[in-house]
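Shown next, in the form of structure tokens:
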């Protein structure tokens, strides 16, 4: 059986999944540590506001740094550079991944807001929103990986 090498986009999807899981794991760990301290309910919204600000800033900075390191290492190790031209297949794969990602994000945020009817605390709502961001990002990259693997 002939083994196929991973394409640039497949490697990038794997790298992206790892980055998302690491950043979100650190954010969920921060939330867990916050609950162990048992701070007051008044500082809860302040905590979640800071948590989401940290999440988005960390995602941007870490993703850019890892993406740059990935491009440099990928070029040095394999000699493969980022493809400059995107064809119709790339556009179709990207569209399918973004479409699925948006549906998962919308469903997650809707279910988190719906849970506000039954919970007394804001934390499950914010955890649901944060989880839906993670799920939508991971699903989009998994779809990209699968479709690139299937079409290569």
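In our numbering, the protein residues as written are 8 to 159.
We treat Cβ as the ideally placed atom computed from N, Cα and C, and that holds for glycine.
I need the DSSP call for residue i, collapsed to helix, strand or coil.
{"i": "residue 8", "result": "Because residue 8 carries a pLDDT of 49, less than 50, the predicted location of this residue cannot be relied on, and no value is offered for it."}
{"i": "residue 150", "result": "helix"}
{"i": "residue 18", "result": "helix"}
{"i": "residue 13", "result": "coil"}
Under 9 angstroms between the Cβ atoms of residue i and residue j?
{"i": "residue 121", "j": "residue 139", "result": "no"}
{"i": "residue 41", "j": "residue 54", "result": "yes"}
{"i": "residue 151", "j": "residue 104", "result": "yes"}
{"i": "residue 109", "j": "residue 143", "result": "yes"}
{"i": "residue 62", "j": "residue 34", "result": "yes"}
{"i": "residue 107", "j": "residue 146", "result": "yes"}
{"i": "residue 100", "j": "residue 28", "result": "no"}
{"i": "residue 136", "j": "residue 115", "result": "yes"}
{"i": "residue 15", "j": "residue 87", "result": "yes"}
For the putative contact between residue i and residue j, defined by C-beta atoms under 8 angstroms, what is the C-beta separation to the nearest angstrom?
{"i": "residue 78", "j": "residue 89", "result": "6 angstroms"}
{"i": "residue 92", "j": "residue 30", "result": "Wrong, their Cβ atoms sit about 31 angstroms apart, outside the cutoff."}
{"i": "residue 18", "j": "residue 57", "result": "With a Cβ gap of about 34 angstroms, residue 18 and residue 57 do not count as contacting."}
Of all the beta strand (DSSP E) runs that stay within the bounds of the stretch 24 to 73, which reach a length of 3 or more residues? Fully enclosed beta strand (DSSP E) runs of 3 or longer: not present.
Per the contact definition of three or more C-beta pairs closer than 8 angstroms, is the stretch 114 to 129 in contact with the stretch 16 to 25? By the C-beta criterion, the stretch 16 to 25 is judged not to be in contact with the stretch 114 to 129, since fewer than 3 inter-stretch pairs fall below 8 angstroms.
Quick check for students: name the residue ranges of the alpha helix (DSSP H) that lie wholly in the stretch 84 to 159, counting only runs of 4 or more. Qualifying alpha helix (DSSP H) stretches, in chain order: 95 to 121 and 130 to 158.
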